[in-house]
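Participant: Here you go, one structure.
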Amino acid sequence: MYNVKSMDSNEFIDDGEVLSSIAEAKKLAQQKTEIDRILAKARECKGLSHREVAVLLEIDDDETLNMMYKIAREIKEKIYGKRIVLFAPLYLSNYCVNNCQYCGYKCANKIGRHKLTQQELREEVRALEAMGHKRLLLEAGEDDEKCPIEYILECIQTIYNEQFQNGAIRRVNVDIAATTVENYRKLKDAKIGTYILFQETYHKSTYLALHSGPKRNYEWHTEAMDRAMHGGIDDVGIGSLYGLYDYHYETVALMMHSEHLEAVYGVGPHTISFPRLLPAEGIDYDSFPLVKDRDFKKVVATIRLAVPYTGMIVSTREGIDFRKELLEIGISQMSAGSCVGVGGYAERKTVDETGVEEKPQFYLADHRKPVDVIKWLVRDGYVPSYCTACYRQGRTGDRFMPLARSGQIGNFCLPNALLTFEEYLKDYADDELKDLGKELIECEIQNVPDEKRRAMAVDYLNRIRSGERDLRF
Ligand code: SF4
Ligand code: SF4
616 MYNVKSMDSN
626 EFIDDGEVLS
636 SIAEAKKLAQ
646 QKTEIDRILA
656 KARECKGLSH
666 REVAVLLEID
676 DDETLNMMYK
686 IAREIKEKIY
696 GKRIVLFAPL
706 YLSNYCVNNC
716 QYCGYKCANK
726 IGRHKLTQQE
736 LREEVRALEA
746 MGHKRLLLEA
756 GEDDEKCPIE
766 YILECIQTIY
776 NEQFQNGAIR
786 RVNVDIAATT
796 VENYRKLKDA
806 KIGTYILFQE
816 TYHKSTYLAL
826 HSGPKRNYEW
836 HTEAMDRAMH
846 GGIDDVGIGS
856 LYGLYDYHYE
866 TVALMMHSEH
876 LEAVYGVGPH
886 TISFPRLLPA
896 EGIDYDSFPL
906 VKDRDFKKVV
916 ATIRLAVPYT
926 GMIVSTREGI
936 DFRKELLEIG
946 ISQMSAGSCV
956 GVGGYAERKT
966 VDETGVEEKP
976 QFYLADHRKP
986 VDVIKWLVRD
996 GYVPSYCTAC
1006 YRQGRTGDRF
1016 MPLARSGQIG
1026 NFCLPNALLT
1036 FEEYLKDYAD
1046 DELKDLGKEL
1056 IECEIQNVPD
1066 EKRRAMAVDY
1076 LNRIRSGERD
1086 LRF
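Everything in the sequence shown is counted per our numbering, starting at 616 for the first residue and increasing by one.
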């Protein structure tokens, strides 16, 4: 029985409610007045319910799709402006006791396995800092013996402590297996930013068929964000892995998950990620119900309409041109220069102790270095941002959302993006990017809405040019 406030995942993501939303949507999507009503509501940044999302997912004509994309772009620019937040994933360990059918790290794969030593981790962090990164997403396979929570906590400390030249990692987000309230509390105390966990698939029987090992416990996995909230982590990130099951089902259920968090804790997910299944070692890729570009783009735009204030993330799983299309219709964060192997940034020799070659978790589509991604963004009029200010200023959870809803966040995001971009130009850019960047900052600083804030930002920019770092709003 559907109950948005239930603490049982079978009730807050009730299978019957998902199916009935999709069935009803097929009929409602025939009515132009209903589509117009939903789009008008979205345009006012009022958000959409999972039932309304189901209706938009039924749209298949180019004219209405283009209208959706136009509204998604308007919403994104209104709330986030032109800034795109950049981050990099950092893989700590590829030991895993699970056998997820879609993952190159599954335990049945006879690949080399490795866990970074603290010294290797420091080398990774230095390599990432030398690229200009300030925000990381830690990743590790699930293995309580080889990769316990104490190891993760030690790694977080090592990362925050490792400062190299002007480099510093200022925000560590964490994507590790579902765990206990006590462990979430430890992660909170270690000063993580967002806790991210992909649901993979919300369709329970598919979930059970694709998993073996501890992760096969659907309820434990799906209720992880509730435990994270009880552990004090109020910025959580959700997402499903598109390509495991029907995208209508996944998207409606994803929205129900978001509504559950909002109903129970007063704050929805801080971010939603959009991973799409990729080929990987030992994976029968073509046997999965892969999501086509056209449908995936519709999913991204629909979610931008549904949760206007939520950060939306796309990774280097997507190719260059398609990432550009997704940026236009709602994505606000993306990874750049990613390696999805253990020790990949410092170019660690990827042969394990027994001589077996290590393999990445999956094969990426976009291999550009951050500097090339940044040039590409700037040429398209975006402002690359390494901002990590909100959580360091205590603007998390229910302290963040009112700022976003009132449109005030623009007075933080844009100046912070420009300050971190100026740092990047000083510390890491080549001459070509310095020229491009100078022009962009001069133009964009005029767009900071509040006059006093604008004047302060100009002062901060000058101080950064004189050598100060980490100035922020
Ligand atoms: Fe392990 Fe995660 Fe891969 Fe599953 S998806 S095999 S839990 S690393
Ligand atoms: Fe994110 Fe806050 Fe920085 Fe905006 S100001 S980019 S919301 S951390």
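No residue lacks a Cβ here, since even glycine has one placed at the ideal position from N, Cα and C. Since the structure is predicted, the reported quantities are computational estimates derived from the model, not experimental observations.
Please name the residue in N618, T925, M683, C722 whose C-alpha comes closest to that of I1024.
Facilitator: Measuring from the Cα of I1024, the nearest candidate turns out to be T925.
Participant: Check whether the Cβ of A1004 lies closer than 7 Å to any heavy atom of ligand 2, and answer yes or no.
Facilitator: Checking every heavy atom of ligand 2 against the Cβ of A1004, one is found closer than 7 Å.
Participant: Can you list, in chain order, the residues of its chain whose CB lies under 7 Å from that of L859, leaving out five sequence neighbours each side?
Facilitator: If we look at L859 and ignore the five residues flanking it on each side, its Cβ neighbours are Y717, E815, T816, T821, L825, L892, F903.
Participant: Please list the terminal residues of the continuous alpha helix (DSSP H) segment that includes G1052.
Facilitator: 1046 to 1059 is the extent of the alpha helix (DSSP H) around G1052.
Participant: Answer yes or no: do M683 and L920 have a C-beta to C-beta separation smaller than 8 Å?
Facilitator: Contact flag set, yes.
Participant: For the alpha helix (DSSP H) containing V700, name the first residue and the last one.
Facilitator: Run containing V700: none in the alpha helix (DSSP H); it sits in the beta strand (DSSP E), 698 to 708.
Participant: Closest by CA to Y720, which one among T773, I767, L743, E757?
Facilitator: Nearest of T773, I767, L743, E757 to Y720, Cα basis: E757.
Participant: Does D849 pass the burial test, meaning 16 or more other C-beta atoms within 10 Å, or should it be called exposed?
Facilitator: Label assigned to D849: buried.
Participant: Taking DSSP as the reference, what is the three-state secondary structure of M622?
Facilitator: The answer is coil: DSSP assigns M622 none of H, G, I, E or B.
Participant: Is the stretch 1026 to 1036 touching the stretch 825 to 837 in the sense that three or more CB pairs, one from each, lie closer than 8 Å?
Facilitator: Output reads no: the stretch 1026 to 1036 does not touch the stretch 825 to 837.
Participant: What I want to know is whether the C-beta of Y720 ends up closer than 7 Å to one or more non-hydrogen atoms of ligand 1.
Facilitator: Indeed, a heavy atom of ligand 1 lies less than 7 Å from the Cβ.
Participant: Return the CA-CA distance between K990 and D790, expressed in angstroms with no decimal places.
Facilitator: For K990 and D790, the distance between alpha carbons rounds to 28 Å.
Participant: Would you mind reading off the limits of the alpha helix (DSSP H) that contains V796?
Facilitator: 796 to 804 is the extent of the alpha helix (DSSP H) around V796.
Participant: Which runs of the alpha helix (DSSP H) spanning at least 4 residues fall entirely within the stretch 927 to 985, listed in chain order?
Facilitator: List check, alpha helix (DSSP H) in window: 935 to 943.
Participant: Going straight from the alpha carbon of D841 to that of S621, what length do you get?
Facilitator: In a straight line, the C-alpha of D841 is about 11 Å away from that of S621.
Participant: Let me confirm a value: S636 is counted as buried when at least 16 other C-beta atoms fall within 10 Å, else exposed. Which label applies?
Facilitator: So S636 counts as buried.
Participant: Just verifying my parser: in three-state terms, what is the DSSP assignment at P999?
Facilitator: P999 falls in the strand class under three-state DSSP.
Participant: Starting from the Cα of S947, find the closest Cα among A655, A644, E689 and give me that residue.
Facilitator: The option with the nearest alpha carbon to S947 is E689.
Participant: Count the other C-beta atoms from every protein chain shown that fall within 10 angstroms of the C-beta of M616, then say buried if there are 16 or more, exposed otherwise.
Facilitator: It is exposed - the Cβ of M616 has fewer than 16 other Cβ atoms within 10 Å.
Participant: Go ahead and label S1081 buried or exposed: buried means 16 or more other beta carbons lie within 10 angstroms of its beta carbon, across all protein chains shown.
Facilitator: Exposed: under 16 other Cβ atoms inside 10 Å.
Participant: Compare the C-alpha of P894 against each of A839, K974, E874 and name the closest.
Facilitator: The candidate whose alpha carbon is nearest that of P894 is K974.
Participant: Do Y857 and V906 have their beta-carbon atoms positioned less than 8 Å apart in this structure?
Facilitator: A contact, by the Cβ cut-off of 8 Å.
Participant: Return yes when at least one heavy atom of ligand 1 lies under 7 Å from the C-beta of A792, else no.
Facilitator: Yes, Cβ of A792 sits closer than 7 Å to a heavy atom of ligand 1.
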